[in-house]
Amino acid sequence: MPRRFTPGSLAKERRKRTALKVGMYLFLFLVTLPLAIGYLWLVVGAFSKTLMYGFVPQGFTLQNWDFLWNPRLPGLDVDIWHMFLNTLYLALGVTITVVAVSTPMAYAISRMHFPGRTAILASTLILHAFPPITLLLALYYILHALGLLDNLLGVILVRAGLWVPFAVWVMKGFFDDIPWDIEMSALVDGATRLRTFWKIMLPLVRPGIGAIAVFAFIGGWTEFIFQITFVHNPKSWTLCSYIYAIIGSYRLTNYGLLAAASLFYMAPVLLFFIFTQRFLVRVTVGGMKGGS
Amino acid sequence: MASIKLEGLTKRFGKVVAVNGLTLEVKDGEFIALLGPSGCGKTTTLLMIAGIYRPSEGKIYFDEVMVNDVAPKDRYVGLVFQSYALYPHMTVYQNIAFPLRLAKRPKEEIDRKVREVAKLTRIEELLGRRPGQLSGGQQQRVALCRALVKEPEILLLDEPLSNLDARLRIETRAEIKRLQRELGITTILVTHDQVEAMTMADRVAVMHDGVLQQYGPPEELYDRPRNLFVASFIGDPPMNLAPVSYRIEDERPQLVADGFVLPVIAEWCQRLERTGERTFTLGIRPEDVQLSLEERDGSFQGEVFLMEPLGGGTLVHFKFGKLTFRVLVSREVRVEVGDRLWVVPNQEKIHLFTSDGLSVRERSVIATKRFK
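Protein sequence lines correspond, in order, to chains W and D.
Everything in the first sequence is counted per the working numbering, starting at 3 for the first residue and increasing by one.
Everything in the second sequence is counted per the working numbering, starting at 48 for the first residue and increasing by one.
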């Protein structure tokens, strides 16, 4: 059989590969450009006096940031830090509820055989596929009946409820990855089933718990639709409600304020993401490795 | 220490019967092996003894006390898994200490015992590491330590050597046997490796399809297999098996196979007659055969077609008609492919099985018992 390559063909191959690489980078650059410009504009706008023609920043100022001590919305006498704490409460509430419900549930689905197990699995998937907005009206009635309207707890329960199916699926995968032998071994070593779950299983699925916690926290922090629908009392506003109010209440939106408030809203979750992204990456990689 | 008794033990998973009416006794301090091919129910049996699986039928006794309803944590057994099942998030020290911490022993006692057992298996310098940083052999020792540290009355070993390389396996084999003798702990070893079972255990229980085939000391299984399965499973290189028919020609009883005729000694004739059958399976171990250059009494001729040097000896494959036959000879014997030689089986050591797979010898024992 003749050789398939010559020095000339190899050089051509190399050039082709380089061209392909350059092309790919160019494509990605163009696609990300609008996003990058958007965020850049946000940062620049937050520190500018005015925007010429609506987008050319003019003059450096910190004046846009005075919302930190002055609500700057007519009729609003709740300070921004209260809303910040509300947002944190909502995010942590969702996180804790999701973790507390989905971890034991995933364990049961992964390890135990009981009637309706497959039905539960299937229904969680369907529930996850539901567009939350279609539930808005029904949820409004339920919260009204429970007296949880205008209450962050109501939003927490709804948000967490919608996150649980996804979290259960993630956690089930992590539990599935732990060999039965390890659990049996703990039982023989003298542990009860509950103790085995607590001492052996939970530490081994910690990356999974980390992952669903991060997802749930970010989901809670950025919660929008249920928050503005179910909560009207400014005492229970979150940062999201505040930004929504800025956009909605001024006849001419104050872009400087909007940009500064948006940055303030984004910053914690950005920091949080940077510190926890290793958990998120693990979700795709899967649970334990080596180990046993 | 404890003795174990299994009575009519059966385990079903849905429609599959994993273990079927297993009855077995293990004496206090004895080392026994459950031997069989994969899927024969040996690990299931072990997990029932540990209390992980609940028997579908039958009873398990420790020292004459029925333990069917005792939770695994209260059975005081040590169990080493094939996968070792170490806790990956704990250090070696924490792994070994885990059973003692669950038993709420005082800290100093835990520390002393962990170090003691680590010394016993020579892993003291590994105590600070995590399982992921250990080799297979080291993990195996840690698993053994964890099983031994609570000083259990019963030690259960599920294929503890099968993940080790060949050399380490031989060392660990002796090591486990030494530990078992030193501690005098009642031990059940599950294995599919007959060499492991034969070298380590006082008695071996051969299982097949969930049913106990034979239970006895290794020599007994080897010399007097009860049935065809045990005969073919035990022994390496395996026993030669050939279908034969029994007939008497010119008043001389003989076994006729496709390719050779073997005269039968008087002792066997009686047993064969008593079965009332005419066709049997003949079994001859490769080492129970001699080679000869000339014809001798009870010999038959065959052609060498393959040689396998084993180091200590040579395995010579013969062809008789359609049958192949393995003969183990010492390496001083010079044979070559194509040689035609006389094969002389040791008449005392042949095995014959009836059509239902039972050994003729065994059947005559049963028959004699019945006549008494």
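For every residue, glycine included, the Cβ atom is placed at its ideal position computed from N, Cα and C.
Whose Cβ in chain D lies nearer than 7 angstroms to the Cβ of residue i?
i	result
residue 205 of chain W	136
residue 179 of chain W	Going along chain D, no residue has its Cβ under 7 angstroms from residue 179 of chain W, so there is no contact; the nearest lies around 11 angstroms.
Can you look up residue i in the DSSP assignment and give me helix, strand or coil?
i	result
residue 62 of chain D	coil
residue 287 of chain W	Since pLDDT at residue 287 of chain W reaches only 43, below the 50 mark, its modelled position is unreliable, and no value is offered.
residue 235 of chain W	coil
residue 318 of chain D	helix
residue 294 of chain D	strand
residue 225 of chain W	coil
residue 49 of chain D	coil
residue 140 of chain D	helix
residue 268 of chain W	helix
residue 418 of chain D	With a pLDDT of 47 at residue 418 of chain D, under the threshold of 50, the modelled position of this residue cannot be trusted, and the question is left open.
residue 206 of chain D	coil
residue 293 of chain W	Unreliable placement is indicated for residue 293 of chain W, whose pLDDT of 37 sits below 50; the coordinate value is still reported in the next sentence. Correct three-state label for residue 293 of chain W: coil.
residue 85 of chain D	coil
residue 135 of chain D	coil
residue 136 of chain W	helix
residue 214 of chain W	helix
residue 15 of chain W	helix
residue 160 of chain D	helix
residue 124 of chain D	strand
residue 150 of chain D	coil
residue 286 of chain D	coil
residue 80 of chain D	strand
residue 246 of chain W	helix
residue 197 of chain W	helix
residue 118 of chain D	coil
residue 106 of chain D	strand
residue 400 of chain D	strand
residue 209 of chain W	helix
residue 189 of chain D	helix
residue 300 of chain D	strand
residue 69 of chain D	strand
residue 118 of chain W	coil
For a contact defined as C-beta to C-beta under 7 angstroms, what are the partners of residue i on chain W?
i	result
residue 146 of chain D	191 and 192
What in chain D is Cβ-close to residue i, meaning under 9 angstroms?
i	result
residue 184 of chain W	128, 130, 132, 133, 134 and 135
Please list the partners that residue i has in chain W, where partner means a Cβ-to-Cβ separation under 8 angstroms.
i	result
residue 149 of chain D	191, 192, 193 and 197
residue 99 of chain D	186, 189 and 190
List, in order along the chain, the chain W residues whose C-beta lies closer than 9 angstroms to that of residue i?
i	result
residue 193 of chain D	187 and 191
Check whether the Cβ of residue i lies closer than 6 angstroms to any heavy atom of the ligand MN, and answer yes or no.
i	result
residue 112 of chain W	With respect to the ligand MN, the structure shown offers nothing to examine, as it has no ligands at all.
Query raised in the report: Can at least three beta-carbon pairs, one atom from the stretch 231-244 of chain W and one from the stretch 67-86 of chain W, be found at a separation below 8 angstroms?
Result: yes
Report task. Kindly provide the ranges of any beta strand (DSSP E) runs that are 3 or more residues long and lie completely inside the stretch 209-284 of chain D, ordered along the chain. Result -> DSSP runs (the beta strand (DSSP E)) wholly in the stretch 209-284 of chain D: 233-238, 250-255 and 258-263.
Report task. Pair every Cβ in the stretch 102-120 of chain D with every Cβ in the stretch 128-135 of chain D, then say whether three or more of these pairs are closer than 8 angstroms. Result -> no
Query raised in the report: Taking the runs of the alpha helix (DSSP H) that are 4 residues or longer, which of them lie wholly in the stretch 28-116 of chain W?
Result: 82-113
Query - Contacting positions in the stretch 103-126 of chain D - beta carbon closer than 7 angstroms to chain W - result: Cβ contacts with chain W: 119, 120, 124 and 126.
Query raised in the report: Touching or not, the stretch 151-162 of chain W and the stretch 86-93 of chain D, by the rule of three or more beta carbon pairs under 8 angstroms?
Result: Because the criterion of three Cβ pairs below 8 angstroms is not met, the stretch 151-162 of chain W and the stretch 86-93 of chain D do not touch.
Query raised in the report: Listed in chain order, which residues of the stretch 201-233 of chain W have Cβ atoms closer than 9 angstroms to some Cβ of chain D?
Result: 201, 202, 205, 206 and 208
Query raised in the report: Of all the beta strand (DSSP E) runs that stay within the bounds of the stretch 325-387 of chain D, which reach a length of 3 or more residues?
Result: As far as the stretch 325-387 of chain D is concerned, its whole beta strand (DSSP E) runs of at least 3 residues are 326-331, 336-339, 347-356, 360-367 and 370-377.
Requested in this report: Could you say if the stretch 259-269 of chain W and the stretch 63-82 of chain W meet the contact criterion of at least three C-beta pairs nearer than 8 angstroms?
Outcome: yes
Query raised in the report: Would the stretch 156-163 of chain W and the stretch 89-96 of chain W be scored as touching if the rule is three or more Cβ pairs under 8 angstroms?
Result: yes
Requested in this report: Determine, using beta-carbon pairs with one atom in the stretch 162-169 of chain W and one in the stretch 212-229 of chain W, whether at least three such pairs fall under 8 angstroms.
Outcome: yes
Query raised in the report: Taking three-plus beta-carbon pairs below 8 angstroms as touching, is the stretch 222-239 of chain D in contact with the stretch 267-281 of chain D?
Result: no
Query raised in the report: Contact between the stretch 93-104 of chain D and the stretch 183-199 of chain W: three or more CB pairs below 8 angstroms?
Result: yes
Query raised in the report: If you pair each beta-carbon of the stretch 307-321 of chain D with each one of the stretch 378-386 of chain D, do three or more pairs fall below 8 angstroms?
Result: no
Report task. Specify whether the stretch 250-257 of chain D and the stretch 272-287 of chain D touch according to this definition: at least 3 beta carbon pairs, one from each stretch, less than 8 angstroms apart. Result -> yes
Query raised in the report: Touch check for the stretch 68-79 of chain D and the stretch 48-58 of chain D: three-plus C-beta pairs under 8 angstroms?
Result: yes
Query raised in the report: Can at least three beta-carbon pairs, one atom from the stretch 185-201 of chain D and one from the stretch 141-153 of chain D, be found at a separation below 8 angstroms?
Result: yes
Report task. Report yes or no: do the stretch 393-412 of chain D and the stretch 324-337 of chain D share at least 3 C-beta pairs separated by less than 8 angstroms? Result -> yes
Query raised in the report: So does the stretch 328-343 of chain D actually touch the stretch 392-400 of chain D, counting three or more Cβ pairs closer than 8 angstroms?
Result: Flag = yes, the stretch 328-343 of chain D and the stretch 392-400 of chain D touch.
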